[in-house]
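Novice: Have a look at the structure that comes next, please.
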Amino acid sequence: MTPPERWALPDLEAAAARCRERNAAGIRCILAPLEEYAGDEAAAGRAEAAYRAAIGLIAAEGLDAAVAVKLSALGAAAGLEDWGDRLGRIVDEGRRRHVGIEIDMEGAALVGPAIAAAEEEEEAGAPPGLAVQAYLDRSPADLRRILRAGIAPRLVKGAYIGDTGDFSDIQRRFMDLAAIALESGRPFSVGTHDPDLVGRLVQTADRRLIEFGF
67 MTPPERWALP
77 DLEAAAARCR
87 ERNAAGIRCI
97 LAPLEEYAGD
107 EAAAGRAEAA
117 YRAAIGLIAA
127 EGLDAAVAVK
137 LSALGAAAGL
147 EDWGDRLGRI
157 VDEGRRRHVG
167 IEIDMEGAAL
177 VGPAIAAAEE
187 EEEAGAPPGL
197 AVQAYLDRSP
207 ADLRRILRAG
217 IAPRLVKGAY
227 IGDTGDFSDI
237 QRRFMDLAAI
247 ALESGRPFSV
257 GTHDPDLVGR
267 LVQTADRRLI
277 EFGF
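In the numbering used here, the protein residues as written are 67 to 280.
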């Protein structure tokens, strides 16, 4: 059984300590401050500060790590007008400190805004990574769009409400997305605990193009 502390740690210092352990084993980390669904400017401001603090910690400690950002934490789901500006400042901070930023996919309503925001940041010279969810019908077209834009995708099954809940169908969709990514010849990552999917990719794919995340 996966120990609960693997997922949630009490503060940034504890996260840094865990990340150092993982880095020593050759494993890159992703830090994700637990901020979500900001309903007002104050909450969105706190989330921005938390993301930027994580960036600062990674840079100061010299960790091999990135920061995952939820757009809902910046006010996108609540319709706050300046969520894009907040994301831009976070991405700029990451670029300045040489820390990677990844946009974490959420509900289907935020997929379009997430892709548009990633494309905008790519045009500014600091493309964040972007998760692509296998259980959405739109994902193959989205993935091709993301790859054309030079944005690094992270393939995931999906943890919200998708267009299918069938386990085998989601596995098939995931592998279809992996085939699209592999055909592009561009590096990408996969985020799944599914041993069947990991096993298939290890056996059939060019490992130089794939980063596995768990």
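We treat Cβ as the ideally placed atom computed from N, Cα and C, and that holds for glycine.
If you're wondering where the values come from, they're calculated on a predicted model, not measured in any experiment.
Does the contact criterion of 3 or more C-beta pairs under 8 angstroms hold for the segment 186 to 203 versus the segment 229 to 239?
Specialist: Yes, the segment 186 to 203 touches the segment 229 to 239.
Novice: Taking DSSP as the reference, what is the three-state secondary structure of Ile-96?
Specialist: To locate residue 96, count along the sequence shown from 1; it is residue 30. In the structure shown, Ile-96 sits in a strand (DSSP, three-state: E or B).
Novice: Measure from the alpha carbon of Glu-159 to the alpha carbon of each residue in Asp-170, Ala-183, Glu-114, then state which is nearest.
Specialist: Position 93 of the sequence shown, counted from the first residue, corresponds to residue 159. When each option's Cα is compared against that of Glu-159, the closest is Glu-114.
Novice: If you pair each beta-carbon of the segment 229 to 249 with each one of the segment 177 to 188, do three or more pairs fall below 8 angstroms?
Specialist: The answer is no - the segment 177 to 188 does not touch the segment 229 to 249, with fewer than three Cβ pairs under 8 angstroms.
Novice: From Pro-194 to Ser-234, what does the alpha carbon distance come to, in whole angstroms?
Specialist: Here residue 194 refers to the residue found at position 128 when the sequence shown is read from its first residue. Here residue 234 refers to the residue found at position 168 when the sequence shown is read from its first residue. In a straight line, the C-alpha of Pro-194 is about 30 angstroms away from that of Ser-234.
Novice: What residue does the alpha helix (DSSP H) around Asp-242 start on, and which one ends it?
Specialist: Walking along the sequence shown from the start, residue 242 turns up at place 176. Looking at the DSSP string, the run of the alpha helix (DSSP H) that includes Asp-242 is 233 to 250.
Novice: Quick one: give me the first and last residue of the alpha helix (DSSP H) that Leu-209 is part of.
Specialist: For the purposes of this step, residue 209 is taken as the residue at position 143 of the sequence shown. First-last of the alpha helix (DSSP H) with Leu-209: 205 to 214.
Novice: On the CB-based measure, 16 or more other CB atoms within 10 Å of its CB, does Gly-141 come out buried or exposed?
Specialist: Indexing the sequence shown from 1 puts residue 141 at position 75. Buried.
Novice: Please go through the same chain and pick out, in chain order, the residues whose beta-carbon is closer than 8 angstroms to the beta-carbon of Val-198, but skip the five residues on each side of it.
Specialist: Position 132 of the sequence shown, counted from the start, is the residue given in the question as residue 198. Taken in chain order, the residues that qualify are Met-171, Ser-205, Asp-208, Leu-209, Ile-212, Pro-219, Arg-220, Leu-221, Val-222, Leu-243.
Novice: Just the Cα atoms here: how many angstroms apart are Ala-144 and Pro-179?
Specialist: As a first step, residue 144 must be located in the sequence shown, where it is residue number 78. As a first step, residue 179 must be located in the sequence shown, where it is residue number 113. Spanning the two alpha carbons is a distance of roughly 13 angstroms.
Novice: Answer with buried or exposed for Arg-152, where buried requires no fewer than 16 other C-beta atoms within 10 angstroms of its C-beta.
Specialist: On the sequence shown, position 86 is the one that residue 152 refers to. Buried, by the Cβ-count rule.
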